[in-house]
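In the order they appear, the protein sequences are chains A and B.
All residue numbers in the first sequence are consecutive under the working numbering, ending with 252.
All residue numbers in the second sequence are consecutive under the working numbering, ending with 560.
In this text, a Cβ means the ideal position worked out from N, Cα and C, and glycines have one as well.
As the structure is a prediction and not an experimental result, all values here were calculated from the model.
Some notes on the structure that comes next.
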Amino acid sequence: MKVLVPVKRVIDYNVKVRVKADGSGVDLANVKMSMNPFDEIAVEEAIRLKEAGKASEVIAVSIGVKQAQETLRTALAMGADRAILVVAADDVHEDIEPLAVAKILAAIVKEEEPGLVICGKQAIDNDLNATGQMLAALTGFAQATNANTLEVDGDAAIVAREVDGGLQTIKVTLPAIVTTDLRLNEPRYASLPNIMKAKKKPLDEKTAADYGVDTAPRLEIVKTAEPAERAAGIMVGSVDELVAKLKDAGAI
Amino acid sequence: MAVLLLAEINDGALAMDATAKAVSAAQPLGEVTVLAVGSSAKDAAAEAATIAGVAKVLVAEDALYGHRLAEPTAALIVSLAGGYSHIVAPATTDAKNILPRVAALLDVMVLTDVTAVVDADTFERPVYAGNAMQTVKSKDATKVITFRTSTFDAAATGGSAALEDVAAGENPGLSEWIEDKVAESDRPELTSAGIVVSGGRGVGSEEDFAIIEKLADKLGAAVGASRAAVDSGFAPNDWQVGQTGKVVAPDLYVAVGISGAIQHLAGMKDSKIIVAINKDEEAPIFQVADFGLVADLFQAVPELTEKL
Ligand SMILES: Cc1cc2nc3c(=O)[nH]c(=O)nc-3n(C[C@H](O)[C@H](O)[C@H](O)COP(=O)(O)OP(=O)(O)OC[C@H]3O[C@@H](n4cnc5c(N)ncnc54)[C@H](O)[C@@H]3O)c2cc1C
Ligand SMILES: Cc1cc2nc3c(=O)[nH]c(=O)nc-3n(C[C@H](O)[C@H](O)[C@H](O)COP(=O)(O)OP(=O)(O)OC[C@H]3O[C@@H](n4cnc5c(N)ncnc54)[C@H](O)[C@@H]3O)c2cc1C
């Protein structure tokens, strides 16, 4: 069984985001970019399936600007076997919507016929939490989002999902789409020899047009603004003072 | 314009707060029809019919919809989508699982975690862990939206909408429910509680998390946690507050032993009053706190619990 892992290049989660003064978006020029943290978890899970003899090949895919190549090399250094880069934008500020990403991924699924696609549950830039579910809809596959544990058992997968009330365990028929939550695993770091080896692993370059997908956005960004600032607070010196302040404020 | 709103129902019970908040968010968009789906949904539907501003409640009660698996529920919504300009729901894990699937089946984009309605096509939503607010305009014929409940007031009750049964759809048979692990608790629900007390890595262990819970119980509060506390096993996953956990905006939020990483702030910085207790005076949490106390939590929290 092949496992397909879509990985997104996003602003590093440690970077302090700056909104551009003209309100046109967030400044992404010259900031550190990394693999979306949920996608690192997805790559790790796929590699573990291969190590356990349940997967035959791990294929990483990224859709976006040419620089997403670096993200794919990271996936290859972690242990993915090969990569597909779908160039769909020239400018780092141009992001491809989940619907278009899902359409491209659906075309790749048709070609590659993976038994499992493991996506991140959300990308930490747009926080949409949508791509996996949309891909499941377009392929007609089952979906198991927010995976806390994943166990492949013959032609099915058992997934415990992190939901509002706790955990929900479901069984999905393969092929299926799984999206990762934070506690599925702890991703490994790529070792230096593996980083060197990754440079020789195959990386195919395609375009959105190769898959016949129109990536024109359905949503127009009218404006991007800084969030409202909170008024400055005060420091209190003791628990007694804290209780008094909370009483004054009518909070308790 | 007409709105189809997926009610939040868990094991036959309506989540009134989340559903009523989504109703008030949806009201400016047109007449609101609520859809109640579940293996037992009639009681929840009757309760949803009392929410002011609801014009009609559709009831789809069938064993197929037990546990609201995404595939059959999305197929049902798509089959009903015809006359509606907007298909909406509160941004719960259930709705976030189902609505993007609906959107893709309708070949439209989804707008998740919307915090304000500007007009019928234009909405506001946070991006980058709430570090930027984006106003976006949809060009799609049908808008599929989840509303972040913490930013809307609940619609009042007192309405009496008519109920109408809808037939169950096909079973795509792709997934099957096995079990739920849900902790029973007498505490208020995290996303609708008036007060939330959260503990972080500083609390140190699952046993010591009891001091957070004692303070919460004294205040009649819900208990939350940082990701570090959940990852370390001090608290269950459904207590996580933040960018990738639950978003809360209570009247009072007490952060104990939490440093205040942006991913945590994203889930609580719209709280009315924020209290931070941390032994490190440099902790970023103090920058958003209304009242900050530099102290060892193992002394300050029991003392606070006693003096309240
Ligand atoms: C409201 C709004 C309006 C927008 N308007 C525009 C616009 O006008 N023009 C424009 O160009 N962009 C626009 N964008 C940006 C574009 O829609 C986002 O990049 C897109 O939403 C991706 O969302 P996400 O990364 O949050 O996806 P999610 O669904 O949160 O991502 C989940 C997972 O899907 C996979 N995935 C997602 N994207 C990729 C990818 N590119 N490659 C590989 N795997 C991937 C990963 O596994 C990821 O973890 C807009 C975004 C939003 C939120
Ligand atoms: C993709 C991604 C998603 C994430 N999503 C979330 C999310 O949704 N929610 C979330 O919370 N985090 C999230 N994080 C993690 C976030 O970046 C931080 O790592 C996390 O919030 C830190 O938790 P903490 O404040 O409890 O721990 P720490 O940062 O370790 O802080 C512990 C604090 O406790 C204080 N302390 C220690 N001992 C005592 C004592 N005896 N008395 C008083 N104070 C004490 C310390 O001074 C310190 O400030 C995410 C990270 C990533 C990469």
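Buried is the label assigned to residue 97 of chain A, since at least 16 other Cβ atoms lie within 10 Å of its Cβ. The DSSP-derived three-state label of residue 9 of chain A is strand. For ligand 2, the residues with a Cβ under 5 Å from any of its heavy atoms are, in chain order, A:13, A:37, B:452, B:453, B:454, B:478, B:479, B:480, B:494, B:495, B:496, B:497, B:509, B:510, B:511, B:513, B:515, B:516, B:530, B:531, B:532, B:535, B:548, B:549. Cβ-Cβ distances below 7 Å link residue 213 of chain A to 100, 103, 104, 107 in the same chain, with the five nearest sequence neighbours on each side left out; the list follows chain order. Under the 8 Å Cβ criterion, the region 51 to 65 of chain A counts as touching the region 83 to 94 of chain A, having at least three qualifying pairs.
Residue burial annotation: residue 271 of chain B is buried, with at least 16 other C-beta atoms found within 10 angstroms of its C-beta. Taken through DSSP and simplified to helix, strand or coil, residue 141 of chain A comes out as coil.
According to the DSSP assignment, residue 69 of chain A belongs to no beta strand (DSSP E) but to the alpha helix (DSSP H) extending over 68 to 78. In the three-state reduction of the DSSP assignment, residue 268 of chain B falls in the helix class. Excluding residues up to 5 positions away in sequence, 289, 317, 350 lie with their Cβ nearer than 7 Å to the Cβ of residue 325 of chain B in the same chain.
In this structure, residue 174 of chain A sits away from residue 153 of chain A, with a CB-CB distance that is not shorter than 7 Å. Three or more Cβ pairs drawn from the region 32 to 49 of chain A and the region 108 to 121 of chain A lie within less than 8 Å of each other, which places the two stretches in contact. Within the same chain, and ignoring the five residues on either side of residue 417 of chain B in sequence, the residues whose Cβ sits closer than 7 Å to its Cβ are 311. Of all residues in the region 59 to 89 of chain A, none comes within less than 8 Å of chain B when Cβ atoms are compared. Residues of chain B with a Cβ closer than 8 Å to the Cβ of residue 162 of chain A are, in chain order, 345, 489, 490. Close partners of residue 145 of chain A in chain B (Cβ separation under 7 Å): 349. In this structure, DSSP gives residue 50 of chain A a helical state, which the three-state scheme calls helix.
Under the 7 Å criterion on CB atoms, residue 390 of chain B is classed as interfacial with respect to chain A. Under the Cβ criterion of 7 Å, residue 10 of chain A is not counted among the residues facing chain B.
Burial state of residue 395 of chain B is buried, judged by a 10 Å Cβ sphere holding 16 or more other Cβ atoms. Boundaries cannot be given for residue 534 of chain B, as no alpha helix (DSSP H) includes it and DSSP labels it neither H nor E. Note: residue 288 of chain B is bridge-paired with B:311 in the DSSP secondary-structure output. For residue 209 of chain A and residue 163 of chain A, the gap between their C-alpha atoms comes out near 37 Å. When DSSP assignments are scanned along the region 18 to 62 of chain A, the uninterrupted stretches of alpha helix (DSSP H) that are 4 or more residues long and fall wholly within it turn out to be 37 to 51. DSSP, reduced to helix, strand and coil, places residue 492 of chain B within a strand of the structure shown. Annotated three-state conformation of residue 180 of chain A is strand, per DSSP.
Here DSSP, grouped into helix, strand and coil, assigns residue 240 of chain A to helix. In the structure shown, residue 276 of chain B adopts helical secondary structure according to DSSP, grouped into three states.
Here DSSP, grouped into helix, strand and coil, assigns residue 424 of chain B to coil.
In summary, residue 234 of chain A is exposed, with fewer than 16 beta-carbon neighbours lying within 10 Å of its beta-carbon over all protein chains present. Nearest neighbour of residue 112 of chain A by Cα position, chosen from A:3, A:251, A:236, turns out to be A:3. Taking the beta carbon of residue 378 of chain B as reference, the chain A residues within 9 Å of it are 127, 227, listed in sequence order. For residue 151 of chain A, the secondary structure class from DSSP, reduced to helix, strand or coil, is strand.
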